[in-house]
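Participant: Residue numbers (my numbering), protein chains in the order written: chain A, 1 to 159; chain B, 1001 to 1392.
Just so you know, even glycine gets a beta-carbon here, dropped at the ideal spot from N, CA and C.
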Amino acid sequence: MDTILTLLEKDTRLTPKEIASMLSLSEDEVRSAISEYEKNGTIVAYKALIDWDKTDREIVSAVIELKVTPQRDRGFDKIAEKLLNYPEITSVCLMSGSYDIQLIIEGKTLREVAQFVAMKLAPMDCITATSTSFVLKKYKDKGVIYQTPEEDERGSCPV
Amino acid sequence: MIDYNTLIPQHIAALPSSGIRKFFDLLDNMKDVTALTVGQPDFVTPWHIREAAIESLERGKTYYTSNAGLMECRREIAAYMKRRFSLDYDPQNEILTTVGGSEAIDITVRALVTPGDEVIIPEPCFVCYAPIVTLAGGIPVRLPLTAKNKFKLTPEELAAVLTEKTKLLILAFPNNPTGAIMEKEELEAIAAMLRDTNIAVLSDEIYAELTYGKRHVSIASLEGMRERTVVVGGFSKAYAMTGWRLGYTLAPKEITRGMYKIHQYAIMCAPTQSQFAAIEALKNGDADIEEMKAEYDRRRHYILKGLEEIGLECFAPEGAFYVFPKIAGFGLSSEEFCEKLLYDYRVAIVPGTAFGECGEGFARISYAYSVPHITKALEGIGKFVKDLKESL
């Protein structure tokens, strides 16, 4: 059944009917597997990858590295859970290595992102240091290369 | 003024252009067509394989290799054939790397056929065998296979065409265009008829890695068959390496010696960068094969289900990446069916007759395409069949 997940991870638009044909399962089997995955949180969401650079929308994203003082009994969970609530923050990961938490923040302008770091993040008691790097160009994300789809260039060799 | 009519030899002028070529020419001039026509993978060659070729260029390996190919490449081919198909060949004098499976087929036929020899070609099949036999002065003996036998070759069918002049049998399984495979017992029945003869076998196993549920068996692995068989293989289908033009032959040294001479004079050697890429593919590419094969298998199931829903009869192929549904019964020839489908419904598939006259009543559909693309094509085919049924 893990194949269903692999297929959906690549293309969330596949319908249960299509998946059923591909895997020689019944449509009902696929539907109930998917609904189980949704219920137990294995499938978290279905989203599209969008290259906003191709639109008029201005968007700035930054990777922010945080050094954090862990809290008694709760480690890094408490601060992580607090950070989740900010809609500007699109990704929160606990890291190994020279810093503790990595955030990805999106805003309309550089200033907006900088303000968020200075006014919201830096003052938090347990955050001891921040380092902000702005994303200049996205080449690949979630395994997908950001490029205009190429035409089928396979030559018409009579094979 | 030069007279081309006498300049160009009659047998070249008379050589027919392939039926599939004609169909592709029609297609080339049309826009907005959803095609399921190509005979090559839609995957890009895995990056680690491409990188090996790039590295060979960076390090200036731009020379000819030895005629037979890089020794390391031949050694890896030998190891791979042993690992995957239990075949044992000496890289020193029983393996040649060639410019694709195509050259391998050509030099095999040329090294074995004397003018007047008969070569048995079970059809439907890939388009090159009969013309190559003709060019070598041989006589192609076309043997029509049937849907009833799932397009496998039976000993009865073979017996009916064997003569004193038979020199060579061409076996191409897994098969393009039908997707048929031949299993061990079925090959054994064919082998039993050849063991006491002086007939050779060209076993074109270019799709050997693409079988679903069953492992491919090479006829060369059966008792008494190695001595008379030339196995033709290549990288195009298994590793998605069509453009690299690299194939190989495995044959006893007595046969290889002749092929080697033709290859040496006509070709020199296969492309060097491709050979470096091949070494990487053979060493570290087994997982790539499995991944691509799993995807083809899902599409195979998908397209068979789609054809079933449309109401086109199709035997379940167990190899390659084609299905070969029956399209007879609508009062149209295969060619008419495919042309109407192309012009009126903007979907391209290849008439079965492109692969031999016995392909009449069938069409080849390739599933070397993404599922959304296949879905779109099936919609067009479905609509066409529905309209045909209503007009009957």
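Count the other CB atoms within 10 Å of the CB of glycine 97 of chain A; is the residue buried (16 or more) or exposed (fewer)?
Facilitator: exposed
Participant: Starting from the C-beta of leucine 1194 of chain B, find all residues in its chain whose C-beta is less than 6 Å away, skip the five residues before and the five after it, and write them out in chain order.
Facilitator: None.
Participant: Does any residue of chain B have a CB that is nearer than 9 Å to the CB of valine 159 of chain A?
Facilitator: yes
Participant: Leaving aside the five residues before and after methionine 191 of chain A along the sequence, list all residues of the same chain whose C-beta is less than 6 Å from its C-beta, in chain order.
Facilitator: The shown model of chain A, from 1 to 159, leaves out residue 191 of chain A, and the question about it has no answer.
Participant: Can we say the stretch 1028 to 1044 of chain B touches the stretch 1132 to 1139 of chain B, given the rule of at least three CB pairs closer than 8 Å?
Facilitator: no
Participant: Whose C-beta lies closer than 7 Å to the C-beta of alanine 1377 of chain B among residues of the same chain, with five residues either side of it excluded?
Facilitator: Taken in chain order, the residues that qualify are Thr1034, Leu1036 and Val1347.
Participant: Only counting the same chain, and skipping five residues up and downstream in sequence, which positions put a Cβ closer than 8 Å to that of threonine 201 of chain A?
Facilitator: With chain A covering only 1 through 159, there is no way to say anything about residue 201 of chain A.
Participant: Suppose the cutoff is 8 Å on Cβ atoms and the five residues either side in sequence are ignored; what does the same chain contact list for isoleucine 1303 of chain B look like?
Facilitator: Val1323, Ile1365, Tyr1367, Ile1374 and Leu1378
Participant: Nearest by alpha-carbon distance to arginine 13 of chain A: which of B/Glu1227, B/Val1371, B/Cys1358 and B/Phe1023 is it?
Facilitator: Ranked by Cα distance from arginine 13 of chain A, the first of B/Glu1227, B/Val1371, B/Cys1358 and B/Phe1023 is B/Val1371.
Participant: Using a Cβ-Cβ distance under 9 Å, would aspartate 201 of chain A count as near chain B?
Facilitator: Since the first and last residues shown for chain A are 1 and 159, residue 201 of chain A lies out of range.
Participant: Which residues in chain A have a C-beta closer than 9 Å to the C-beta of leucine 1027 of chain B? List them in chain order.
Facilitator: Ser156
Participant: Going by the CB atoms, is the gap between proline 1317 of chain B and isoleucine 1393 of chain B shorter than 9 Å?
Facilitator: Beyond the ends of chain B as shown, which are 1001 and 1392, falls residue 1393 of chain B; an answer cannot be given.
Participant: Measuring straight from C-alpha to C-alpha, what distance separates serine 1274 of chain B and phenylalanine 1023 of chain B?
Facilitator: 30 Å
Participant: How would you write the range of the beta strand (DSSP E) that tyrosine 1248 of chain B sits in, first residue to last?
Facilitator: 1247 to 1250
Participant: With a CB to CB cut of under 7 Å and the five nearest residues on each side skipped, what residues in its chain are close to threonine 1166 of chain B?
Facilitator: Correct list, in chain order: Glu1118, Ile1120 and Ile1199.
Participant: Which residues does DSSP list as the beta-bridge partners of leucine 1070 of chain B?
Facilitator: According to DSSP, which records beta bridges pairwise, leucine 1070 of chain B is partnered with nothing at all.
Participant: Just to confirm before moving on: does the CB-CB distance between valine 1133 of chain B and valine 1113 of chain B stay below 9 Å?
Facilitator: yes
Participant: Hey, how far is the Cα of threonine 1197 of chain B from the Cα of asparagine 1149 of chain B?
Facilitator: 25 Å
Participant: Among all the DSSP beta bridges, which residues are the ones paired with glutamine 71 of chain A?
Facilitator: A/Gly75
Participant: Within a Cβ cutoff of 8 Å, which residues of the same chain sit near alanine 1159 of chain B, ignoring the five residues on either side of it in sequence?
Facilitator: Met1193
Participant: At 7 Å on the CB atoms, spell out the chain B contacts of serine 24 of chain A, in chain order.
Facilitator: His1301
Participant: Between the beta-carbon of glycine 1234 of chain B and the beta-carbon of cysteine 157 of chain A, is there less than 9 Å?
Facilitator: At a Cβ-Cβ threshold of 9 Å, glycine 1234 of chain B and cysteine 157 of chain A do not count as neighbours.
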